[in-house]
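Asks: Let me give you the structure first, and then I'll get to my questions.
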DNA sequence: TATCGTAATATACCAAAGGGAATAACGAAA
DNA sequence: TTTCGTTATTCCCTTTGGTATATTACGATA
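Residue numbers (my numbering), protein chains in the order written: chain A, 56 to 187; chain B, 56 to 187.
Okay, here's the thing in structure tokens:
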């Protein structure tokens, strides 16, 4: 049995390791998180929720709900939706959406740095314990 | 309807805020996390899994599983269990358990500091966005 | 006006996690 | 040897988050 990762991109380690998740809360709960950011990037890449969802093995329904949630919680939408028209419509990342993506990755990078730093403390702690 | 907090101690904020969870992974997945640490403290306080679980509105079954998981994943058990005997038995935090608790709170405190620091970056970002 | 692939929405279904309750096992002390 | 409250274990139920599927709405373009 292959153990399924609990959350997008978060894999299991072989031995004691520091893990964490970070996100930004809005009025309705989660506003921005790792999975949502990936989704935004896929939308930018594919131009539609349908294909973006497919590309990351997410159901369209779930993807649409995430996009809707982000659009509702941000002052201006992150994703511009078009229904009907050429190609049946589509989805486009707005400049606000772009900014959100960039901001989150900065945040995320800082967090990874934090974890790396703390990892050393953990290793030291584990050594001390062994010696007891 | 009152929205239930997603996880122990993690409350909802009124406006955009940074949130996160950290934990330590072991061979079987989660090894140490916020809820497990609270549980260890309650066990130290009450001397039994039963009363510890009750004190934090957790089912005995769940609490036992968490304790068992921690004991299996640590070189030496964090909780010493006694079945039968005076008072029917009980649970006692070992010195390794004590150390784990202290270590986690240090880790946790650092993380809170990290979030506070990043919060300022977020606020700045939000202002910039408004001005656009 | 007919077409096309998408957004938008509703319904049914599924699986995992956890809760609750019931019961057996246990062993020191009276 | 009986008692006692706990650990240990099992079974069933509910909840929950998500998938799968089906249907409707849409509107630029040919």
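The beta carbon of each residue, even a glycine, is placed where N, CA and C say it ideally should be. In this text, all values refer to a predicted model and were calculated from it rather than measured experimentally.
Assuming residue 96 of chain B and residue 156 of chain B form a contact by the criterion Cβ under 8 Å, report the distance between their Cβ atoms to the nearest whole angstrom.
Replies: Here residue 96 of chain B is taken as the residue at index 41 of the second chain, counted from 1. Here residue 156 of chain B is taken as the residue at index 101 of the second chain, counted from 1. Going by Cβ atoms, the distance from residue 96 of chain B to residue 156 of chain B rounds to 6 Å, so yes, they are a contact pair.
Asks: Excluding the 5 residues flanking residue 174 of chain A on each side, which residues of the same chain have their C-beta closer than 6 Å to its C-beta?
Replies: As a working note, residue 174 of chain A is residue 119 in the first chain. 73, listed in sequence order.
Asks: Against residue 74 of chain A, what residues of chain B qualify as contacts under a CB-to-CB distance less than 8 Å, listed in chain order?
Replies: Reading the first chain from its first residue, position 19 is the one you call residue 74 of chain A. Chain B residues near residue 74 of chain A: 77, 78, 79 and 80.
Asks: Whose C-alpha, out of B/122, B/177, B/116 and B/169, is nearest the C-alpha of residue 152 of chain B?
Replies: Residue mapping note: residue 152 of chain B aligns to position 97 of the second chain, counting from 1. The candidate whose alpha carbon is nearest that of residue 152 of chain B is B/122.
Asks: Going by C-alpha distance, which of B/100, B/75 and B/81 is nearest residue 129 of chain B?
Replies: Reading the second chain from its first residue, position 74 is the one you call residue 129 of chain B. The residue with the shortest Cα to Cα distance from residue 129 of chain B is B/81.
Asks: Name, please, each residue of chain B whose Cβ falls closer than 7 Å to the Cβ of residue 71 of chain A.
Replies: In the first chain, counting from the first residue as 1, residue 71 of chain A sits at position 16. Here the neighbours are 79, 80, 81 and 86.
Asks: For residue 158 of chain A, go through chain B and note every residue whose CB falls closer than 7 Å to its CB, in chain order.
Replies: As a working note, residue 158 of chain A is residue 103 in the first chain. Those within 7 Å of residue 158 of chain A in chain B are 180.
Asks: Report back the beta-carbon spacing between residue 77 of chain B and residue 166 of chain B to the nearest angstrom; my notes put them in contact at under 8 Å.
Replies: Taking the second chain and counting its residues from 1, the one referred to as residue 77 of chain B is at position 22. Taking the second chain and counting its residues from 1, the one referred to as residue 166 of chain B is at position 111. Confirmed, about 5 Å.
Asks: Take residue 108 of chain B as the anchor and find which of B/149, B/181, B/145 and B/179 has the nearest alpha-carbon.
Replies: For the purposes of this step, residue 108 of chain B is identified with residue 53 of the second chain, where counting begins at 1. If we check each option's Cα against that of residue 108 of chain B, B/145 comes out closest.
Asks: Hey, could you find the ends of the alpha helix (DSSP H) residue 118 of chain B is sitting in?
Replies: Looking up residue 118 of chain B in the second chain gives position 63. From DSSP, the alpha helix (DSSP H) with residue 118 of chain B extends over 115-128.
Asks: For residue 139 of chain A, does the three-state DSSP call read helix, strand or coil?
Replies: The residue given as residue 139 of chain A occupies position 84 in the first chain. Correct three-state label for residue 139 of chain A: coil.
Asks: From residue 71 of chain A to residue 143 of chain B, what does the alpha carbon distance come to, in whole angstroms?
Replies: Locating residue 71 of chain A in the first chain gives position 16, counting from the first residue. Locating residue 143 of chain B in the second chain gives position 88, counting from the first residue. Rounded to whole angstroms, residue 71 of chain A to residue 143 of chain B spans 34 Å at the Cα level.
Asks: Can you list the residues of chain B that residue 169 of chain A reaches, using a CB-CB cut of under 8 Å?
Replies: For this step, residue 169 of chain A is matched to residue 114 along the first chain. Under the 8 Å cutoff, chain B gives 165, 166 and 169.
Asks: Using CA coordinates, which residue listed in B/172, B/138, B/168 and B/164 is at the minimum distance from residue 89 of chain B?
Replies: Residue mapping note: residue 89 of chain B aligns to position 34 of the second chain, counting from 1. Cα-wise, what sits closest to residue 89 of chain B is B/164.
Asks: Please work out which residues of its chain come closer than 8 Å, Cβ to Cβ, to residue 149 of chain A, disregarding the five sequence neighbours upstream and downstream, and give them in chain order.
Replies: The sequence position of residue 149 of chain A within the first chain is 94, counting from 1. Counting only Cβ-Cβ distances below 8 Å, and skipping sequence neighbours, we find 131, 132, 133, 134 and 135.
Asks: Looking at chain A, is there any beta carbon in it that lies within less than 8 Å of the beta carbon of residue 59 of chain B?
Replies: Residue mapping note: residue 59 of chain B aligns to position 4 of the second chain, counting from 1. With a pLDDT of 33 at residue 59 of chain B, under the threshold of 50, the predicted position of this residue should be treated as unreliable, and no value is reported.
Asks: Tell me whether residue 116 of chain A is buried or exposed, calling it buried when 16 or more other Cβ atoms sit within 10 Å of its Cβ.
Replies: By 1-based counting over the first chain, the position of residue 116 of chain A is 61. The residue is exposed, with fewer than 16 neighbouring Cβ atoms inside 10 Å.
Asks: Which residues in chain B have a C-beta closer than 9 Å to the C-beta of residue 133 of chain A? List them in chain order.
Replies: Reading the first chain from its first residue, position 78 is the one you call residue 133 of chain A. Under the 9 Å cutoff, chain B gives no residues; its nearest Cβ is about 11 Å from residue 133 of chain A.
Asks: What residues in its chain sit with their C-beta under 7 Å from that of residue 101 of chain B, if we drop five residues either side in the sequence?
Replies: Indexing the second chain from 1 puts residue 101 of chain B at position 46. If we look at residue 101 of chain B and ignore the five residues flanking it on each side, its Cβ neighbours are 107 and 110.
Asks: Cβ of residue 132 of chain A versus every heavy atom of the ligand PLP: is any distance shorter than 7 Å?
Replies: With respect to the ligand PLP, the structure offers nothing, as it holds no ligand at all.
Asks: For residue 86 of chain A, I'd like the list of residues in its chain whose CB is within less than 8 Å of its CB, leaving aside the five on either flank, ordered along the chain.
Replies: For the purposes of this step, residue 86 of chain A is identified with residue 31 of the first chain, where counting begins at 1. For residue 86 of chain A, where only same-chain residues beyond five positions count, the Cβ hits under 8 Å are 78, 79, 80, 124, 125, 128 and 129.
Asks: Going by Cα to Cα distance, which pick from A/162, A/103, A/83 and A/169 is closest to residue 139 of chain A?
Replies: Locating residue 139 of chain A in the first chain gives position 84, where the first residue counts as 1. Cα-wise, what sits closest to residue 139 of chain A is A/103.
Asks: Taking C-alpha atoms, which residue in B/180, B/182, B/168 and B/159 lies nearest to residue 91 of chain B?
Replies: The residue labelled residue 91 of chain B in the question sits at position 36 within the second chain. Out of B/180, B/182, B/168 and B/159, B/159 has the C-alpha closest to the C-alpha of residue 91 of chain B.
Asks: Relative to the alpha-carbon of residue 172 of chain B, which residue among A/179, A/172, A/162 and A/176 has its alpha-carbon at the smallest distance?
Replies: Start at 1 with the first residue of the second chain, and residue 172 of chain B comes out as number 117. That would be A/162, whose Cα lies nearest to the Cα of residue 172 of chain B.
Asks: Is residue 133 of chain B helix, strand or coil when you go by DSSP?
Replies: By 1-based counting over the second chain, the position of residue 133 of chain B is 78. Reduced to three states, the DSSP call for residue 133 of chain B is coil.
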